[in-house]
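K.L.:
Take a look at this one; I'll ask things after.
Chains as they are written, first to last, in my numbering: chain P, 1 to 433; chain C, 1 to 433.
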């Protein structure tokens, strides 16, 4: 039985207890949320991997994409990236490898990762076709599913499958959009459909997919092949059309006992993010929402960890449950190890800002643990509690002139010290304390 | 007459025309907005300085704080910082010097700056007291105003004066808050009031301040001495109490023909930003709003350009007109030149994301100018239009395997190329185009 089926049967499993403890939530309450499909558990496949919960009422989780590309296919770099993103606080990783020996990369990541691992199996279909000197368009339907089963057996925790990008939407989007399809998996399926004149195999044979996912308890991430790749394309007919298809597939997955969540945009202006969160929760009956950004402007390649932190924070506030990191390398190159680390921290900032805003119990306690020592000029203690003490420590510059721990921003004109002095004066003058 | 008075008199000045042209707005419409106090013009004092408009219906502007501190008092570094922040796109700068020969620094900045220059005159009061071996608490009321007049004569364009931090609020805040007063200027006035048991001189003698500002047409930025310095303190009695005082002072400044805008928070959780923008516009009768962040979480020293970009974008969307940059050095040290540049870019991203969301005409045209070439794989053209071409160019990594301009993120599996191929196939199959 899958974790989802066990929760529906009223069972409080070890995995569920683990997540309830980490989230500070009553296990029975969590069980109900899982049973209703509002929360999914993932990371149960491998002994050394921690289980996480994604969904309503829980802290917003952060995913880091790692993996090779045809130009950068060094396994060791990707394993180092894995270690770095986990140390920086990623809750999950996706292995998106498309270069070199991708089976080897995935097996090593699965062996080493202490957080859940996701994949996009259609990439492997395309890579194996390329190795045969063919394209994705030459692949047989069976191949699409064989890869899924192979990866499921290996212990992949969740898989993104672009089941909702159906043939009519693919044809429509090719004509209508500024930036077309920017999802790599979506684009592979689009090419297959455009060339062969057939329906998306993952949609056409959705039950075959569910058979495998149920058998191995792999969580299904319903990919948004039609996520907008430019603010001009956001919240368009194609994007919402795909979401409606996905909503139907959520129900079918749940009926089969498969844990399911939904992927979302993309490039979205700030004022459309709330609407995007609301419609996903409505149409997908409160399935957890996994967003890629959203990136709130197209103009900032090199800074898309920032454009995504803006959108991700607002998305998390309005109901996104899982944020895929975006790194400064987005749109420009495969992220380096340094890019990946920056991406994780920026996305964790967004997730936490969202958690404060949506009222996750205890979220702002973290802020107080940084600000209470800061207000006492206990810089070391404050920095230790911060999101990246190593970075803060490297920037901190102690004032030479102060008689206590002042920084070089204000030196002796420190506002905090001014407040302390004023408190003393008010105490003397009026007995205030 | 001040620019504001001229606008009220129906005059369309050269400065007004300049701003209308830059904003793509009808001059008469802009004149009405200035006359109503919804927009202020600043930067008219010096020949070589461009005039900017700040307020309703205009693009959101970005300010960069520069200036020495007791530990870093090198004039040349601050002048280099000035050049760098202007090149990076800052619309205005504030000279917040407190270290070394601050008169010299200010004069050089005023001589060189092609954008409006603001100051916080109370810093100079404190610095001059320190040079006499005294503290701010020893200063006479006249000194507070002498400094203002001296700086006005020199050609400072706008001044932040913390007139709204009245004695009763100062005493209240000393007792009630986690992080006390974090505004440097606010804290200096608080110390003066706490020690001397008197009212804030800038409040007590507000008409004296207005005399000077009107005479030299200096815009008044009503400082928020009580901006929250921790999310635990946000939108509290003290902050809103000060805003109410400021609202009254806005009216008094307008009655005297002084251009006036209002400073705002600070550390504010995401879900309180809209409320903060709304209440400022209500209480201050639509005076332009100049926000410092807002920073949406306390936990990220070293990344406060990101916490502020999140808050600044949402603030701009909901009505903030002017964003003060925050750099990665915030809370840790005086920003370096590199920190300052990063702060400007991050804040410009926030301002632009807000401009798209609030529907500034033409804002998303910039996005299209980046995305249209991107969707054609014309990377060079796309990067040239981006916010920091130099940074994007330095990260861009061209794929070695592609037959056209692919990057190393996906190489041959590029989604954009997939879209292009699919379009061709749909054209062949159905005649779509």
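Think of the CB as a built atom: it goes at the ideal place given N, C-alpha and C, for glycine as much as any other residue.
1. Can you list the beta strand (DSSP E) stretches of 3 or more residues lying completely in the segment 137 to 198 of chain C, in chain order?
2. Mind listing which residues of the segment 81 to 115 of chain C have their C-beta closer than 8 Å to chain P's C-betas, in chain order?
3. Please list the partners that residue 59 of chain C has in chain P, where partner means a Cβ-to-Cβ separation under 7 Å.
4. Between which residues of its own chain and residue 382 of chain C is the CB-CB distance below 6 Å, once the five residues before and five after are set aside?
5. Distance cutoff 7 Å, beta carbons only. Does residue 294 of chain P sit that close to anything in chain C?
6. Leaving aside the five residues before and after residue 243 of chain P along the sequence, list all residues of the same chain whose C-beta is less than 6 Å from its C-beta, in chain order.
7. Looking at chain P, is there any beta carbon in it that lies within less than 7 Å of the beta carbon of residue 349 of chain C?
8. Output, in sequence order along the chain, the residues in the segment 389 to 416 of chain P whose CB is closer than 7 Å to any CB in chain C.
9. List, in chain order, every chain P residue whose beta-carbon is nearer than 9 Å to that of residue 306 of chain C.
10. Kindly indicate if chain P contains any beta-carbon less than 7 Å away from that of residue 68 of chain C.
11. When you compare only the Cα positions, how much space is there between residue 203 of chain P and residue 164 of chain P?
12. Using the three-state DSSP reduction, which class does residue 246 of chain P fall into: helix, strand or coil?
13. Who are the near neighbours of residue 135 of chain P in its chain, counting only those whose CB is closer than 7 Å to its CB and skipping five residues on each side?
14. Check for me: the alpha helix (DSSP H) holding residue 4 of chain C runs from which residue to which?
15. In the DSSP output, what is residue 398 of chain C paired with across the bridge?
16. Give, in chain order, every residue of the segment 192 to 223 of chain P whose Cβ lies closer than 7 Å to some Cβ of chain A.
17. Are the beta-carbon atoms belonging to residue 412 of chain P and residue 377 of chain P less than 7 Å from one another?
18. If we cut at 7 Å on Cβ distances, does residue 120 of chain C have a partner in chain P?
19. Check whether the Cβ of residue 371 of chain C lies closer than 7 Å to any Cβ atom in chain P.
20. In whole angstroms, what separates the C-alpha of residue 177 of chain P from that of residue 233 of chain P?
21. For residue 7 of chain C and residue 31 of chain C, which I take to be in contact (beta-carbon distance under 8 Å), what is that distance rounded to the nearest angstrom?
22. So what's residue 262 of chain P in DSSP terms, helix, strand or just coil?
23. Skipping 5 residues on each side, what residues in its chain have a beta carbon closer than 7 Å to that of residue 398 of chain C?
24. Please list the residues of the segment 24 to 42 of chain P that have a C-beta atom closer than 8 Å to any C-beta atom in chain C, keeping them in chain order.
25. Can you tell me which of P:319, P:105, P:182, P:58 puts its alpha carbon nearest to the alpha carbon of residue 151 of chain P?
26. With a threshold of 6 Å on Cβ separation, who are the neighbours of residue 123 of chain C within its own chain once the five nearest residues in sequence on each side are excluded?
27. Give the secondary structure of residue 422 of chain P by DSSP, where H, G and I count as helix, E and B as strand, and everything else as coil.
28. How about residue 188 of chain P and residue 126 of chain P: are their beta carbons less than 7 Å apart?
29. Just reading off the alpha helix (DSSP H) that residue 203 of chain C is part of, what are its end residues?
30. State the DSSP-derived secondary structure class of residue 69 of chain C, mapped to helix, strand or coil.
31. Which residues in chain P sit within 8 Å of residue 426 of chain C, going by Cβ to Cβ distance?
32. Which residue or residues does DSSP assign as beta-bridge partners of residue 48 of chain P?
33. Look at the alpha carbon of residue 273 of chain C and the alpha carbon of residue 359 of chain C, and state the distance between them as a whole number of angstroms.
34. Is it right to say residue 270 of chain C is buried, meaning 16 or more other beta carbons lie within 10 angstroms of its own, or is it exposed?
35. Report the option in C:420, C:416, C:351 whose CA atom is closest to the CA atom of residue 62 of chain C.
36. Pull up the distance between the alpha-carbon of residue 159 of chain P and that of residue 421 of chain C, whole angstroms please.
P.N.:
Looking at the coordinates:
1. Those beta strand (DSSP E) runs which fall completely within the segment 137 to 198 of chain C and span 3+ residues are 158 to 161.
2. Listed by position, the residues of the segment 81 to 115 of chain C near chain P (Cβ gap below 8 Å) are 98, 99.
3. Here residue 59 of chain C corresponds to residue number 59 of the second chain, with the count starting at 1. Chain P residues near residue 59 of chain C: none, gap ~13 Å exceeds 7 Å.
4. For this step, residue 382 of chain C is matched to residue 382 along the second chain. In its chain, beyond the 5 residues on either side, 370, 373, 374 have a beta carbon closer than 6 Å to the beta carbon of residue 382 of chain C.
5. Along the first chain, one-based indexing puts residue 294 of chain P at 294. False, the Cβ-Cβ gap to chain C never drops below 7 Å.
6. Within the first chain, the letter at position 243 stands for residue 243 of chain P. Closer than 6 Å at the Cβ level, and outside the excluded window around residue 243 of chain P, lie 283.
7. The residue labelled residue 349 of chain C in the question sits at position 349 within the second chain. Chain P, which has a Cβ nearer than 7 Å to the Cβ of residue 349 of chain C, makes this yes.
8. Answer in chain order: 391, 392, 395, 396, 397, 399, 400, 401, 407, 408, 409, 410, 411, 412, 413, 415, 416.
9. Here the question's residue 306 of chain C lines up with position 306 in the second chain. The answer, in chain order, is 305, 306, 309, 310, 345, 346, 349, 350.
10. Looking up residue 68 of chain C in the second chain gives position 68. It does not; no Cβ of chain P falls within 7 Å.
11. Looking up residue 203 of chain P in the first chain gives position 203. Looking up residue 164 of chain P in the first chain gives position 164. Roughly 7 Å separates the two Cα atoms.
12. Locating residue 246 of chain P in the first chain gives position 246, counting from the first residue. Three-state result, residue 246 of chain P: helix.
13. As a position in the first chain, residue 135 of chain P is number 135, starting the count at 1. Correct list, in chain order: 129.
14. Sequence index remark: in the second chain, residue 4 of chain C carries index 4 (1-based). Counting along the chain, the alpha helix (DSSP H) containing residue 4 of chain C begins and ends at 3 to 8.
15. Locating residue 398 of chain C in the second chain gives position 398, counting from the first residue. Note: residue 398 of chain C sits in a beta bridge opposite C:407.
16. Included in the structure are the protein chains P and C, with no chain A among them.
17. Residue numbering aside, residue 412 of chain P sits at position 412 when the first chain is read from its first letter. Residue numbering aside, residue 377 of chain P sits at position 377 when the first chain is read from its first letter. Using a Cβ distance threshold of 7 Å, residue 412 of chain P and residue 377 of chain P do not count as a contacting pair.
18. The count along the second chain starts at 1 and reaches residue 120 of chain C at position 120. Not a single CB atom of chain P sits nearer than 7 Å to the CB of residue 120 of chain C.
19. One-based indexing of the second chain puts residue 371 of chain C at position 371. Put simply, the CB of residue 371 of chain C is near chain P, with a gap under 7 Å to one of its CB atoms.
20. Translated into positions along the first chain, residue 177 of chain P becomes position 177. Translated into positions along the first chain, residue 233 of chain P becomes position 233. If I take the Cα positions, the gap works out to 6 Å.
21. Numbered from 1 along the second chain, position 7 holds the residue referred to as residue 7 of chain C. Numbered from 1 along the second chain, position 31 holds the residue referred to as residue 31 of chain C. With 8 Å as the limit, residue 7 of chain C and residue 31 of chain C qualify as a contact, their Cβ atoms being about 5 Å apart.
22. The residue given as residue 262 of chain P occupies position 262 in the first chain. DSSP places residue 262 of chain P in strand when its eight states are reduced to three.
23. Within the second chain, the letter at position 398 stands for residue 398 of chain C. For residue 398 of chain C, where only same-chain residues beyond five positions count, the Cβ hits under 7 Å are 405, 407.
24. Listed by position along the chain: nothing, the set is empty.
25. Looking up residue 151 of chain P in the first chain gives position 151. Measuring from the Cα of residue 151 of chain P, the nearest candidate turns out to be P:105.
26. Against the second chain, residue 123 of chain C aligns to sequence position 123. Closer than 6 Å at Cβ, skipping near neighbours: 98.
27. Your numbering for residue 422 of chain P matches position 422 in the first chain. Here residue 422 of chain P sits in helix by DSSP.
28. Here residue 188 of chain P refers to the residue found at position 188 when the first chain is read from its first residue. Here residue 126 of chain P refers to the residue found at position 126 when the first chain is read from its first residue. Cβ distance < 7 Å, so residue 188 of chain P and residue 126 of chain P count as in contact.
29. Position 203 of the second chain, counted from the start, is the residue given in the question as residue 203 of chain C. Start and end: 201 to 204.
30. Locating residue 69 of chain C in the second chain gives position 69, where the first residue counts as 1. Residue 69 of chain C falls in the strand class under three-state DSSP.
31. Against the second chain, residue 426 of chain C aligns to sequence position 426. Those within 8 Å of residue 426 of chain C in chain P are 171, 174, 175, 194.
32. The count along the first chain starts at 1 and reaches residue 48 of chain P at position 48. According to DSSP, residue 48 of chain P bridges with nothing at all.
33. The count along the second chain starts at 1 and reaches residue 273 of chain C at position 273. The count along the second chain starts at 1 and reaches residue 359 of chain C at position 359. Their Cα atoms are separated by approximately 18 Å.
34. Start at 1 with the first residue of the second chain, and residue 270 of chain C comes out as number 270. The residue is buried, with at least 16 neighbouring Cβ atoms inside 10 Å.
35. Sequence index remark: in the second chain, residue 62 of chain C carries index 62 (1-based). Residue 62 of chain C has its Cα closest to that of C:351, out of C:420, C:416, C:351.
36. Here residue 159 of chain P refers to the residue found at position 159 when the first chain is read from its first residue. Here residue 421 of chain C refers to the residue found at position 421 when the second chain is read from its first residue. One alpha carbon belongs to residue 159 of chain P, the other to residue 421 of chain C, and they sit about 26 Å apart.
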